[in-house]
Structure formats: structure tokens, C-alpha cells
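Residue numbers (the numbering used here), protein chains in the order written: chain V, -2 to 252; chain U, -2 to 252; chain H, -2 to 252; chain D, -2 to 252.
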């Protein structure tokens, strides 16, 4: 994944922080869609880049919207997802990953699930925006690093979750869970597996945004996990807590 | 338009009633999608057919739904309109047209707009089902007969009206009015003009159904027309009351 | 429960049919909200009445709607359920109950779940209207008769199912299942238990209506039950198949 | 109105900038709900305060939510508005007001309507968050300053706009316009007048958020105003461009 700093100055500060952490790998000259970028590895083994220079999409005249503030014309296919909402990644040690993200990259931890004694972090939801989470970290169940739990798209209505579920059933896309509403973030959800096996979430209602500059991390106890995970709807299936991609064999990542 | 009787016996009774009215034209041997049908002309000049035998759609295996009670697989294009909801036609004499529909075809008048003294019917909404209207009649403003005001499709959510309006703006379909909610029938609406110029309505919420076997016609006064036409939203535009298809020139139908 | 015939003549025909079945109990002189009614017991032990004369609600001026075709002003509390959609009752012998309803009362069986060999009916959905079901019959699991599975209200949007689920969680009403979409009837659902213990369903989208006068019963195999019960969402919980009211002790109804 | 700085340090920087502008009035010791605050007057005559110390709501146990991340239990009355979305204020000189907000308070101008030659700003939409606007400025039509155009609440679904419009009609609240979708911000809207005469907006869909740190102001030409104001729905009524509160008599503010 690639993250964009808020400014060239912010990029310089973040690269310095990453280098100080010993996790930096150095600059690359650029790639499709972006310029110079700094690579680094997170404690959980995710290889990321941080950058400032991006290439904005060039939209062909025929694909332009009638709205000058919309990047391209709304398509007439499928359901109109609007943006990537967040990523959810696995980490063998969620607290270590969270600390790196907070210290080196400026993330704010918005919500967390803790052991009942409050001593250890089990899972963490973080953001650098007004969203309740741009990134979530869940525990890695296999002897593997760098695995992906899901990517989430924002839809904009709960009606869309029913529409999308119907399309998935009719067009051979496996549904994993939902619709329902999470306690954490108060977002509504539908989970699918795309044909390659990766888990996809669609959020209908993005829940409450965070505008309080003094917002304190909401800490759920492990014993409150059922409500934290699902406020309304059916409890998360076992697969949600065990399945990530790429797959592992005998507990070891194979791709 | 073609109407299907409730049974072969009902067809025989309706044909007898039409013949007695002097408006029958006789049987035809069948056409694409249906068998033997009886043609007739309504007082307002609409040429209709009534029949019993229909050919059910044969759906190719690749287009079958995963639901055995759904006719074909839900498509992934556009918005998922479910059915034709109703037709709206013009009549130079709405009362005469309504009387024919009630007497010869068994329609029930559900709602009507009357002159304030209650003496004359200005417009009429009729059904043979639990819907508040399968057919509506509005006054013909030109010296023309047999003209079409609009056909309405049922969508199923008000969210869809916003989706459809957005698609129309982006894909060059003229919007005439809405979204809003009618007083009559309490349906929500969006009106468009298809590229050929005919008016199309999409209903998001189909309003209240009628289950009372002793239901009495709801009679709105002409002075209540603003509320009857629009309960929430902007009043209907002038074009709604004047435009029908095919077009007229100097007040005379030209196609 | 009480059913209203379509006309005084239809009432006379239905009473004659019920008497011929040997299940009639005779006329009562009327009760709150209705006049003379004929009582009878169904094979499954439900005591019902059929009648024509009903008292229409008298609405105080302060509670009248601004719409002349709406019975009373929309309240500002809770979610705006519009009407009772259907009842679901248990029957020790679903086929016998269904046959009585069809023969004596004129119901049409719209969908059914059959044993895989097609020999026996397990559950049945019936209507006398354009709705896919006004009444559903599910097997009685206890040694009891006359038990109630649920009553369903119609809401009008899937957004409302999320709103209602949220209100239930916040105000101490037990949620049993949903939201999701049934295969049978294609309705969306949310199931709750009211404080007295009875199951309540709310339908957001009422699914497809039936307008075909030659509609044939859709027959699902027992092995297709997962799709018949839930098209999108989580499979029905075990309680849905076992819990009905009033409660039973040691398999015997106690209230 | 009161604005909260992002930190005590940010408060000090903003107060210094306001003082440098000559518009500061000095500190007050605090008031209901907040501590020490700095008062100032904007060029358009709005008296505002900026502060850091706020008192968080203390929620009685009976009003607590079942969700630890929700401030209080969702009420069962009316429609569940979630937060204030933005304010819209009038300014005799929009450009001067906008410049003060940008320079002294750190607002970013997200969208603007300009004269067709691009020389002058007619109206402006600004934010300090990921929302497309926290504050909007429209031209003052009367010889008055410090007037209020509307406050907007966020609802969360377009279905709610229809629900709210229905409630307003039934409960005597004047509707001014909508539902529809703005071009600017791409938000959906419904406008009402509360009993005291102030205009209230409800947003169903909050439109696109802004995550690009290099986002450039979207500039609409005056000739594009119809699309900028209304992407789908009916054009804004004349009252929208002339009515603000408190009222003016003979062009002069009277309250």
C-alpha cells in the first residue's frame, strides 16, 4: 500500500521518523501513478511506501462527468462505490504495529479491543482523517506476516448493501457475512470474497465521524467483543477471525 | 395496450360487455407474446386488446436466476426496475373514459380530482388490483385522442430515485421533475423523458395499497390539486399538464 | 384472528363452505370494532372469525392527516410501520391446514416447501391479495395446537430495518434475526421478540407482488431450504424453527 | 457561533492572527458548556468565539447508549439527525469574509461560485475538516450584517429526507425546498423553516469527502449556477437567494 503525506514537508518528517525506527528501505524513483516514494517495512511485515508526488487521473472527454467536481462520469454498471474507505491488515503483534503507525506515521488510535484486564491490545482501528478508521489491525492467526484481511469500499446507503448482496448471489460472488452494523465505528457492512479469494467489505453507512481534536481511544473489553463486532445483525462467522490472504498451508504463507 | 382477463370466463364476460357498448372491433388471431385477443377502442381513442392466452418468457439457462421464483437473473446494469406500475393516458372526456373502464372492464375508481362543486371529474386513478392505480386518466389539452401521458415503473426504494436521477444527468436523459411524493396514491416519483420523447415515471415507494373491499373513491377538489399532485417536493411543472405524446401541431396530433 | 369477506355475498358463500367442512361454531353478535361474525376452528386449532361488517376508525380532528387519503396523521415516534403484512401460524399438519384455507376460504397457495420427493408439504405461503403471502404456515414442533409464529408489519424501506434494529438495541427489545432477504416472497426482514415474548417481523421491501391470474405455486425442495429461507444474509437461527407462542412445557402448551 | 481550535497551541496561534487583523474583541471567562474563549467580529459582522476548553456532556445513566462509542441513547422520536453538518451565513462582501476565514482561522476554500470572468467571488464553501464544507457564505441581499442563512444537520440516508418531509407536512413545519441534490458538495438536501423562522437544512447523503491535501478550489461560473445549486431536483426557489434571519424591514435588520 502507498500512503500520501499531507505535504512535502510532512513527507520529509515521516521519512526521518521511519529511518529512526530502523524500518526504512530507501527511496524508489517512482512507479505507475506516482513519483519518488520511500519504502519501508512495518513490524507486521507489510511493505509500504510513503510519497507526495502523485499523477492525477486524466479522464477522456467521453468519460467526463456533468459535474465539474466529480472525477469522472458515474458508470451505469453495478453499484456506485465511491471511494476506498479503509484497509484491514493482520499483525502478529497488533500493539507493536499500532505503536509504529502512531509514532512514525502520525496515526491516531480511535478504537481498540483490549484484554479484559486492559493490559494488552488485541485489535486496533486507526485514522489520520475524520473517518473512524482508515486502517484496522487484527491478530494474525497463522505463522505468517504481511497478510491482508480486507479492503473496504464506501457505498453511501444501506439500500446498496441489499442491492449488492443480490448482485453477488446472482453473479456468483461468494458472500461471507452481513448486512449488519458494527459496534466499532458504527458502520454498516457486507462482506464478500472476490474471485481471487480476497475479502472485500462494502460499507453502506460510514457511521460517526470524529471531529473532536481531544478524542480519546474507545477501549472495548474482549468480553464486549460481540457488541463491538456486531451491534445489529448476526455475530461474525468464525471465518472472519481466521481467514486472510494470501493463504497459508500448515500455518505458513504460501504465496 | 393489452389487458389480461382474470380467467377465460372473465374474458368472455368482458368481451360481451365491450360489444354491448358498441366499441368492439373484433378478435385477432394473436401476435408476438400472446394468442387470440379482442380489440376495441375506448371513448378517448385508445386502441386496446383484451386476452387470456399469453406466452410466458422462455429464459436462456445463462440468464436464469438463483431464485426459482424470479423470472430471470437480476442484471448488473442501470437501476433494477421491477415491473410496470401503471399507465397514464389522456382523455378528452375523463368521465366518459372512466365510466367505460368501470362498466366494461371492471376497473375501480380509487381517487379522482373533481371540480370544487363536485359536479365534474377532472382526472381519475383506477385499478383492478391492490395497487392504488394501474391506470390514470388526465385531461387531453390538445384536439387529439389516443395520446400517452406516461408509463411508470416500480423501483422499490427512494434511494433509487436519487441514483436514477444521477444516472440520467450523467448519461444525457432529460429529467422533467422530482424526486417528490404525490398526494394521490402517496407514491414517490421521478419523471424523465426517454430519447424518443415519451415521459417515463419511476416510483420508489409505491405508497399505500388498498385492501378494503368497500373502499370508496377518494375525491380531491380542484382547489386541493397542489396537495393532491405533490405532498412533499416542488409543485408539478406546467409541462406535466400540457405535454403528451405523440406530439401535436397547432393542436392536432401529427404522428 | 378475524378475516373480512370481499362482500356480504362472499361471506355467505364462505360460511356455507365452512359449515360443510364441519368446522363451524356459529355466529356471534359482534365485538369491539365489528358486527356479526362467524366463528370456526381451523384443523390446526386456530379459532378464527369471518365477517363483513366493520366499524371504521373515527379519528379525532387533532389526529387527522393533511392527506385526505391517509387514515390518521403520521406519528413522530418510532418507525412508521404502515400495515400488517401477514401472519405466520404453526400447524401440526400443514397440508391439512392449507387445504382447508384453500377450499373453505379461497386462499391461493403461492409458495411451498416440499419434501425432496415432492410428496409432502412442509410449509406453505398463501394469499388472497396481490401480496406473495397474507398468511404462512410452518410446522408445529411441540404437541400443541393454535400457536402463533409471528406477525409481520410492512415498513417500506431497507433503511428502516437498520433504524428499527438500532432502536431495539437501544430500548431493550430482543432482536432474533436479520436484517436479510428471504428467498420465499423475496421480502427483506428483521425479527424481534416483543416484551411479552411474541415474535414480530418487520418487512422493509415487500418483494414481488403476484399479478398473474394463472400463477402456479412455487415449490421449493427441502434441500433448497437454505436459499428459500435466506437469499442474502445469515441462515435462520434454530430458534426460528422451534420457538412459537404461547410457550409449551414438556411439549405441552401452557397458556 | 463558537469554534474550537485543534489544540491549545493552535488556539494561541489563531488568537494572534485575529488580533493582527484588528478584529479581536478580547477574552471572556467562559459560559455554559465551555471555558475561556476569545471573541471577535468577522468582516460580515458575525460575532464569533474561538476556544479550547469545552465541557463534555454528562449523560444520565438512563440515557446512556448500549454502545460505548455513542454519546447517548438513540431517541425514538422524530428522525435521527446525527450532527450539525455546516452553517451557511450571509456576507455583504463574500470575498473579504472568505479571506479572513482563510487567513486568520485556517479554513480552506473548497468550492466557489465566481463571476463568469473569474474576477469576483459570489459565494464560497469552506472547511477545516474532510467535509466539503463546514461553513458556506452567500451574498447578503439586504443592508444588513451578521445574518444567518441556514444551519444544516446530517441525517445519513435519502430515505430520511422523505420521512422528514412527511413529518413536516403532518406536523405543521413549513418546507421550503427539496428533496434534491446539490452540485456543490454533491449533498442531498431538504430545506425547512423552523417555527421561529430560521431556515434548517437536512442532508441525507453528505456527498464526497475531500482527502487530497493538494485539493484545489472548484470554481463554478455564475452561468453554471443552476447545476452548481441543483444537480438533480428542481431549481432553488427565489426565497433561497433572498431570505435570511433575523428579518429586515425596508432592507434593514430589525432584530
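Each residue gets a CB set at the ideal place from its N, CA and C atoms; glycine is no exception.
Model, not experiment: these values are computed from the prediction.
In angstroms with no decimal places, state the Cα-to-Cα distance between residue 58 (chain V) and residue 6 (chain V).
Rounded to whole angstroms, residue 58 (chain V) to residue 6 (chain V) spans 35 angstroms at the Cα level.
Just by C-beta distance, which residues in the segment 161 to 195 of chain U are closer than 8 angstroms to chain V?
Cβ contacts with chain V come from 163, 164, 166, 167, 168.
For residue 275 (chain D), return the contacting residues in chain V, with the cut-off set at a CB-CB distance below 7 angstroms.
Since the first and last residues shown for chain D are -2 and 252, residue 275 (chain D) lies out of range.
What number of angstroms, rounded off, separates the C-alpha of residue 93 (chain D) from the C-alpha of residue 227 (chain D)?
As the crow flies, the alpha-carbon of residue 93 (chain D) is around 26 angstroms from that of residue 227 (chain D).
Are residue 173 (chain H) and residue 151 (chain H) closer than 8 angstroms when you measure CB to CB?
No; because the gap between Cβ atoms is not below 8 angstroms, this pair is not in contact.
Exposure of residue 40 (chain D), with buried meaning 16 or more beta-carbon neighbours within 10 Å
By the neighbour-count rule (16 or more Cβ atoms within 10 Å), residue 40 (chain D) is buried.
To the nearest angstrom, how far is it from the Cα of residue 214 (chain V) to the Cα of residue 109 (chain V)?
Computed Cα separation, rounded: 7 angstroms.
Residue-level contact to chain H via CB, residue 156 (chain V), 8 angstroms cutoff:
By the rule that beta-carbons nearer than 8 angstroms mark a contact, residue 156 (chain V) touches chain H.
Where residue 237 (chain V) meets chain H, residues with beta-carbon distance less than 8 angstroms:
Those do not exist, as residue 237 (chain V) stays about 12 angstroms from chain H at its closest Cβ, beyond 8 angstroms.
Does DSSP put residue 202 (chain H) in a helix, a strand or coil?
Coil at residue 202 (chain H), not helix or strand.
Collapsed DSSP secondary structure at residue 78 (chain U) in the structure displayed
Correct three-state label for residue 78 (chain U): coil.
Residues that residue 132 (chain H) bridges to, as DSSP identifies them
Under DSSP, residue 132 (chain H) forms a beta bridge with H:84, H:123.
Beta-carbon proximity list for residue 36 (chain V), same chain, < 7 angstroms, skipping 5 on both sides
Here the set comprises 22, 23, 25, 44, 46.
For residue 74 (chain V), which residues from the same chain have a beta carbon less than 6 angstroms from its beta carbon, with the 5 sequence-adjacent residues on both sides left out?
Closer than 6 angstroms at the Cβ level, and outside the excluded window around residue 74 (chain V), lies no residue.
Could you round the C-beta distance between residue 102 (chain U) and residue 11 (chain U) to whole angstroms and report it? I think they count as a contact, below 8 angstroms.
Contact between residue 102 (chain U) and residue 11 (chain U) is confirmed by a C-beta separation of about 6 angstroms, below the 8 angstroms threshold.
Taking Cβ to Cβ, would you say residue 120 (chain H) is nearer than 8 angstroms to residue 83 (chain H)?
For residue 120 (chain H) and residue 83 (chain H), no; Cβs fall outside 8 angstroms.
Are the C-beta of residue 228 (chain H) and some C-beta of chain V separated by less than 8 angstroms?
At a cut-off of 8 angstroms between beta carbons, residue 228 (chain H) contacts chain V.
What are the complete beta strand (DSSP E) segments, minimum 3 residues, inside the segment 165 to 232 of chain D?
Runs found: 171 to 178, 185 to 190, 196 to 200, 215 to 218.
The beta strand (DSSP E) with residue 47 (chain H) in it runs from where to where?
Note, residue 47 (chain H): beta strand (DSSP E), 44 to 48.
At a Cβ threshold of 8 angstroms, is residue 203 (chain U) touching chain V?
No, because no Cβ of chain V sits closer than 8 angstroms to the Cβ of residue 203 (chain U).
Which residue marks the beginning of the alpha helix (DSSP H) containing residue 117 (chain V), and which one marks its end?
Element bounds for residue 117 (chain V): n/a, residue is neither H nor E.
Tell me the DSSP bridge mates of residue 106 (chain V)?
Bridge pairing for residue 106 (chain V): V:123 [DSSP].
When the Cα of residue 48 (chain H) is compared with those of U:210, U:234, U:166, U:198, which residue comes out closest?
Of the candidates U:210, U:234, U:166, U:198, U:210 places its Cα closest to the Cα of residue 48 (chain H).
Residue 31 (chain U) to residue 239 (chain D) span [Cα, whole Å]:
Their Cα atoms are separated by approximately 59 angstroms.
Identify whether residue 34 (chain V) lies in helix, strand or coil by the three-state DSSP scheme.
Here residue 34 (chain V) sits in strand by DSSP.
Please say whether residue 162 (chain U) and residue 184 (chain U) have beta carbons closer to each other than 8 angstroms?
Cβ atoms of residue 184 (chain U) and residue 162 (chain U): not closer than 8 angstroms.
Taking any Cβ of chain A, which residues in the segment 42 to 72 of chain V have a Cβ under 8 angstroms from it, in chain order?
The structure shown has no chain A; the protein chains it does contain are V, U, H and D.
Which term fits residue 91 (chain H), buried or exposed, when burial requires 16 or more other beta carbons within 10 angstroms of its beta carbon?
Here residue 91 (chain H) is buried. Its C-beta has 16 or more other C-beta atoms within 10 Å.
Helix, strand or coil at residue 10 (chain H) according to DSSP, with G and I counted as helix
Three-state DSSP puts residue 10 (chain H) in a helix.
So if DSSP puts residue 151 (chain V) in a beta bridge, which residue, or which two residues, is it bridged to?
Beta-bridge partners of residue 151 (chain V) (DSSP): V:80, V:200.
Which two residues bound the contiguous beta strand (DSSP E) that contains residue 25 (chain D)?
Residues 21 to 25.
Using DSSP's beta-bridge definition, name the partner residues of residue 111 (chain U).
Here residue 111 (chain U) is bridged, per DSSP, to U:118, U:218.
Rounded to the nearest angstrom, what separates residue 87 (chain D) and residue 149 (chain D) at their Cα positions?
Between residue 87 (chain D) and residue 149 (chain D), the C-alpha separation is close to 15 angstroms.
Does residue 105 (chain U) have its Cβ less than 8 angstroms from a Cβ in chain V?
Among the residues facing chain V, residue 105 (chain U) is not included, as its CB has no counterpart in that chain under 8 angstroms away.
Indicate whether at least one CB of chain V lies closer than 8 angstroms to the CB of residue 24 (chain D).
Under the Cβ criterion of 8 angstroms, residue 24 (chain D) is not counted among the residues facing chain V.
For residue 194 (chain D), count neighbouring Cβ atoms within 10 angstroms of its own Cβ and tell me buried if that reaches 16, exposed if not.
Burial call: exposed.
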